[in-house]
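For what it's worth, our numbering labels the leading residue of the sequence shown as 1, then goes sequentially.
Even glycine gets a Cβ: it sits at the ideal position worked out from N, Cα and C.
Inspection log for the structure reproduced underneath, given as structure tokens.
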Amino acid sequence: MKNEESKFNLLKRNLYQQYLKLRNKSRLPLDTLNNILNECNMVVKKYNNNYDKTLNEIFSGMVNCYSS
Numbered sequence: 001m002k003n004e005e006s007k008f009n010l011l012k013r014n015l016y017q018q019y020l021k022l023r024n025k026s027r028l029p030l031d032t033l034n035n036i037l038n039e040c041n042m043v044v045k046k047y048n049n050n051y052d053k054t055l056n057e058i059f060s061g062m063v064n065c066y067s068s
């Protein structure tokens, strides 16, 4: 159980680091960026899946919505 908890914490930390990289590259408002991070956190908790793919898909979708 402790090993699974460590994996989950590492996943969350990596998700946040990836989020910071994307946030620095974008020009979106902070509230929108926080919504993206919250949505990614929910997906990771629910499915415990690949955070890079999830974050990039959600981020791309949000950027496209605000660009149009």
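So, for leucine 37: in the same chain, excluding its five sequence neighbours on each side, which residues have a beta-carbon less than 6 Å away from its beta-carbon? Tyr19
In angstroms, rounded to a whole number, what distance separates the CA positions of threonine 32 and arginine 23? 10 Å
Give the secondary structure of leucine 28 by DSSP, where H, G and I count as helix, E and B as strand, and everything else as coil. coil
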